[in-house]
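Notes for the one structure printed next.
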Amino acid sequence: NWVSLLKSPSWGDNTVSILLGYADGSFANLTIYSTGSEPYSVAVGDFNNDTNLDIVVANFGGNTVSNLLGYGNGSFANQTTYSTGAAPKFVAVGDFNNDTLLDIAVANNGDNTVSILLGYGDGSFANQTKYSTGSTPTAVAIDDFNNDNRLDIVVTNWNDNTMSILLGYGNGVFANQMTYSTGYSPSSVAVDDFNNDTRLDIVVTNNNEQSVSIYLGYPNEEVFKEMRLITGNGSQPKSFAIGDFNNDNEMDIAVANSGNNNIGVFLRHDNGSFSNQMAYATDSSPWSVAVGDFNNDTLLDIVVANLGSNNVGVFLGRGN
């Protein structure tokens with residue numbers, strides 16, 4: 674039950690770092706594995722059905738994804754690479770063709786597409802199929818938005834301030850995109866049910882609008898009701914993570930504010946509104962954030978990767 678860290682890919686030296694957890698909130702020294710050129714995003718899953726976690730990395734400069742199969746002891750095999758579109762910036766995993774095997778979705782920042790690579794269940798993948806998105810896609814999230822038990826995709830598009838939703842047919846094929854407006858320069862996206870109506874909502878960070886938008890889903894209507902959270906002047910929010918930080922069974926949000934060198938925590942109230950941001954100082958230019966219980970006290974903690982100082986910071990949660 675120990676939680677380890679998969680450090681944000683190291684753009685400058687083309688590697689990914691693993692920090693194994695000691696279950697007391699501390700971590701072992703990092704172990705480094707080679708990736709392709711300019712790794713930007715990472716996801717995990719069991720791609721060869723051996724019950725061990727594997728790693729997939731989007732290589733922005735190499736137009737590839739790297740797959741590193743795990744041995745189950747904290748070590749990984751050398752990478753195998755697969756072609757993507759131009760400048761892949763974000764990677765996510767899910768079962769798109771209902772064969773119980775994990776597939777890969779990649780946001781290709783350089784050619785305005787998302788790539789789907791269907792998995793064979795042995796750690797290898799089929800050649801990509803590409804679908805059009807908006808301009809300069811930055812991130813992708815996966816879930817079932819129209820309640821048909823088939824996974825769909827949402828992509829944030831930086832240049833045209835939109836998000837694209839591609840509905841899945843359940844066989845690995847997707848419909849053409851439907852686009853919806855966001856704030857300025859949407860940089861990351863995730864989904865959850867924030868108003869307890871059993872309908873999925875979409876969360877987006879707006880990098881150049883210093884805000885986070887929550888789009889409440891209405892599956893039978895082609896509209897979204899928006900709730901906006903302010904992250905502060907010059908904050909440039911890059912990414913966020915979702916979790917219940919105060920044990921009230923409501924989903925809260927932690928945001929990496931790269932411009933202000935902090936993480937901002939928004940606590941959700943039971944009436945659906947959020948508290949004002951509580952800021953916690955980080956090192957230089959926090960870029961990505963994740964949550965987990967790193968010291969086995971059943972309380973969620975936060976980890977942030979600091980681009981400007983080449984380190985990760987851990988904030989142990991107090992449950993309040």
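Positions in the sequence shown are counted from 1; adding 673 to them yields our numbering. Quick reminder that beta carbons are idealized off the backbone N, C-alpha and C, glycines included. None of the values given here were measured: they were computed from a predicted structure.
Checklist entry - So the beta strand (DSSP E) L839 belongs to, where does it begin and stop? => result T835 to L839
Checklist entry - What is the rounded straight-line gap between the Cα of V985 and the Cα of S854? => result 33 angstroms
Checklist entry - Applying the criterion that 16 or more other CB atoms from any shown protein chain within 10 Å of the CB defines a buried residue, is M836 buried or exposed? => result buried
Next on the checklist: If contacts are defined as beta-carbon pairs under 8 angstroms, then G698 and L989 qualify, I think. What distance do you get, rounded to the angstrom?
Outcome noted: 5 angstroms
Item to check | Secondary structure of W831, DSSP reduced to three states | outcome: coil
Checklist entry - According to DSSP, is M924 helix, strand or coil? => result coil
Checklist entry - Is DSSP giving V766 helix, strand or coil here? => result strand
Checklist entry - Per DSSP, L889 forms a beta bridge with which residues? => result K898
Next on the checklist: Between which residues of its own chain and D686 is the CB-CB distance below 6 angstroms, once the five residues before and five after are set aside?
Outcome noted: none
Item to check | Beta-carbon separation (whole angstroms), T829 vs S861, contact threshold 8 angstroms | outcome: 7 angstroms
Checklist entry - Would you call the CB atoms of S814 and A765 closer than 8 angstroms? => result The question names Ser, but residue 814 in the sequence shown is Ala. Yes, they are a contact pair.
Checklist entry - Roughly how many angstroms separate the alpha carbons of S753 and A963, rounded to a whole number? => result Before going further, note that residue 753 is Thr rather than Ser in the sequence given. One C-alpha to the other measures close to 26 angstroms.
Checklist entry - At what residues does the beta strand (DSSP E) containing Y793 begin and finish? => result Y793 -> no beta strand (DSSP E), and no H or E assigned at all.
Next on the checklist: Considering Cα atoms alone, identify which of N782, V779, Y755 and D795 is closest to N772.
Outcome noted: Asn is not the amino acid found at residue 772; the sequence shown has Asp there. That would be D795, whose Cα lies nearest to the Cα of D772.
Next on the checklist: Among N919, F798, D970 and F947, whose alpha-carbon lies nearest the alpha-carbon of V738?
Outcome noted: F798
Next on the checklist: Less than 8 angstroms between the C-beta atoms of G718 and L775, yes or no?
Outcome noted: yes
Next on the checklist: My output table needs one value for S1000: the three-state DSSP class, helix, strand or coil.
Outcome noted: Here the chain comprises residues numbered 674 to 993, so residue 1000 is not present and cannot be evaluated.
Next on the checklist: Is the beta carbon of V729 closer than 8 angstroms to that of V689?
Outcome noted: no
Checklist entry - Looking at C-alpha atoms only, which residue of D925, A978 and A914 is the closest neighbour of T943? => result In the sequence on display, residue 943 carries Asp and not Thr. Measuring from the Cα of D943, the nearest candidate turns out to be D925.
Checklist entry - Given a threshold of 16 other Cβ atoms within 10 Å of its Cβ, counted over all protein chains shown, does S707 qualify as buried or as exposed? => result exposed
Checklist entry - Could you give the distance in angstroms between the alpha-carbon of S908 and the alpha-carbon of N933? => result 5 angstroms
Next on the checklist: Quick check on DSSP: helix, strand or coil for A929?
Outcome noted: strand
Next on the checklist: Quick check on DSSP: helix, strand or coil for N983?
Outcome noted: coil
Checklist entry - From T757 to N993, what does the alpha carbon distance come to, in whole angstroms? => result 43 angstroms
Checklist entry - My guess is that V935 and A914 are in contact by the Cβ rule of under 8 angstroms, so how many angstroms apart are they, rounded? => result According to the sequence shown, residue 935 is Asn rather than Val. With 8 angstroms as the limit, N935 and A914 do not qualify as a contact, their Cβ atoms being about 14 angstroms apart.
Checklist entry - When the distance is taken between beta carbons, is S805 closer than 8 angstroms to T786? => result yes
Next on the checklist: My output table needs one value for L692: the three-state DSSP class, helix, strand or coil.
Outcome noted: strand
Item to check | Under the three-state DSSP convention, the category N674 falls into | outcome: Residue placement at N674 is flagged as unreliable, the pLDDT there being 45, under the threshold of 50; the coordinate-derived value follows with that caveat. Three-state DSSP puts N674 in coil, outside helix and strand.
Checklist entry - Which value, in whole angstroms, describes the spacing of the CA atoms of M951 and V938? => result 5 angstroms
Next on the checklist: According to DSSP, simplified to helix, strand and coil, what is R941?
Outcome noted: strand
Checklist entry - Just reading off the beta strand (DSSP E) that F818 is part of, what are its end residues? => result First-last for F818: undefined, no H or E at that position.
Checklist entry - What are the start and end residues of the beta strand (DSSP E) that includes T802? => result T802 to S805
Checklist entry - Do you know offhand how far D817's Cα is from S886's? => result 20 angstroms
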